[in-house]
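In terms of our numbering, the sequence shown is residues 106 to 424. Positions of the beta carbon are idealized from the N, C-alpha and C atoms, including for glycine. For clarity, every value in this text was computed on a predicted model and none was experimentally measured. First comes the structure, then the notes that go with it.
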Amino acid sequence: MSAGIASLPLRETPVAVIDFETTGLTAGVDRVIEISVVRVEPGNEPRLVLDTLVHPHRRVAATEIHGITDADVENAPSFRDIVGEVVTVLDGCVIAAYNVYFDIAFLNFELANAGVMHDPPHFCLMYMRPLLDLGPRCRLEAACQHYGIQYGSSHVAANDAIASGRLLQRYTDELHARGLRTFGDLARLKSYKFFRSFANDPFPPPTTWGLARCPRLRSRAGYVPSAAAAEAQSPIRQYWDALKTVLADLDITDDELRHIVDERKRLGLDGEQVRMVHARAFAAAIAQFCSDERLDDQELVKLRRLRECLSRLGWAPGE
Numbered sequence: 106m107s108a109g110i111a112s113l114p115l116r117e118t119p120v121a122v123i124d125f126e127t128t129g130l131t132a133g134v135d136r137v138i139e140i141s142v143v144r145v146e147p148g149n150e151p152r153l154v155l156d157t158l159v160h161p162h163r164r165v166a167a168t169e170i171h172g173i174t175d176a177d178v179e180n181a182p183s184f185r186d187i188v189g190e191v192v193t194v195l196d197g198c199v200i201a202a203y204n205v206y207f208d209i210a211f212l213n214f215e216l217a218n219a220g221v222m223h224d225p226p227h228f229c230l231m232y233m234r235p236l237l238d239l240g241p242r243c244r245l246e247a248a249c250q251h252y253g254i255q256y257g258s259s260h261v262a263a264n265d266a267i268a269s270g271r272l273l274q275r276y277t278d279e280l281h282a283r284g285l286r287t288f289g290d291l292a293r294l295k296s297y298k299f300f301r302s303f304a305n306d307p308f309p310p311p312t313t314w315g316l317a318r319c320p321r322l323r324s325r326a327g328y329v330p331s332a333a334a335a336e337a338q339s340p341i342r343q344y345w346d347a348l349k350t351v352l353a354d355l356d357i358t359d360d361e362l363r364h365i366v367d368e369r370k371r372l373g374l375d376g377e378q379v380r381m382v383h384a385r386a387f388a389a390a391i392a393q394f395c396s397d398e399r400l401d402d403q404e405l406v407k408l409r410r411l412r413e414c415l416s417r418l419g420w421a422p423g424e
């Protein structure tokens, strides 16, 4: 029986901050093409422990969002190749991510696809602002600016993971200052869905599954997009981020709908740009589901839910 993490001290428990770049928005439809993991050990600075591109065994999509091309991943390992590395760096950790509903869905899908079935305890850094009454949810860049944390290029997994790790330290200090000492104390503040995972145990060692290590990694370390390209794609990239946030569980709340509408206004996106991003998300799902020349009932249900979500957010294919 799982002991869970409710009694574990926040300041003395290692946390692994994960960040993915993917071919699209939906786990089980799209695939991971880059993974970075930062470990935050008690008393130490965040440390990047895994950073590699991943071959998705399909054409790379959304290159205009993350800057990753088919050529970039051509000689990269597959997720199945690196699963031993992933479980090694996550061993004994609670998982955190800036958009945990998105990242944990991809982590669990890719691990299960490689034969590792485990749902680790996890929590969302994006929700820490409303959790601590510091303000509404916001983009990672804005949260970092609030604390004066240096933030590199968005959509480079290592940069996002490192910034998120530093943000975690600030939030942990804030929790300690308010007398909150354990993960159970944190979970009692509000009833977010991810707190249910606190009943689960962290990952055991990779030897549990007999996993081998992978010596062949391919990092994007040092990658800097051109200023012109970054500026041209910034609004679309930010809107993609917003979609990632609200489509992670294929269930759109009224607050999330308002958030998307506000983001579109802030970014100045026109109707054609919005339709392009929504169409790309839907097209990626169709392409993946039909890659085996079949479309089963479960996949059809996911497509219907995705279309309903996109429609509620402003436009869906067929409208």
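Asked: Tell me the start and end of each unbroken alpha helix (DSSP H) in the region 201-245 that is at least 4 residues and wholly inside, in chain order.; Found: 205-218 and 233-236
Asked: Could you pull the start and end residues of the beta strand (DSSP E) that I140 belongs to?; Found: V137 to V145
Asked: If you compare alpha carbons, which of R318, A121, V122 and E139 is closest to G129?; Found: E139
Asked: Output yes or no for whether 8 Å exceeds the beta carbon distance between F303 and L115.; Found: no
Asked: Looking at C-alpha atoms only, which residue of R342, R293 and E361 is the closest neighbour of I385?; Found: The sequence given here places Arg at residue 385; Ile does not occur at that position. It is R342.
Asked: Is the separation between the beta-carbon of A266 and that of S141 shorter than 8 Å?; Found: yes
Asked: With C-beta atoms as the reference, is A263 less than 8 Å away from L153?; Found: yes
Asked: Quick check on this structure: which residue in D208, H171, E150 and G172 has the alpha carbon closest to the alpha carbon of L272?; Found: E150
Asked: Report the three-state DSSP secondary structure of S183 (helix, strand or coil).; Found: strand
Asked: Where do the N-terminal and C-terminal ends of the alpha helix (DSSP H) with L153 fall, by residue?; Found: From DSSP, L153 is part of no alpha helix (DSSP H) but of the beta strand (DSSP E) over R152 to L158.
Asked: Tell me whether R412, by its Cβ, gets closer than 7 Å to a heavy atom of the ligand ATP.; Found: Absence of the ligand ATP is noted for the structure shown, with no ligands found whatsoever.
Asked: Please state the DSSP three-state secondary structure of A337.; Found: A caution first: A337 carries a pLDDT of 46, below 50, which makes its placement in the model unreliable, though a value can still be read off. Helix at A337.
Asked: Kindly indicate which three-state DSSP category D196 falls into: helix, strand or coil?; Found: strand
Asked: Rounded to whole angstroms, what is the Cα-Cα separation between M233 and Y276?; Found: 7 Å
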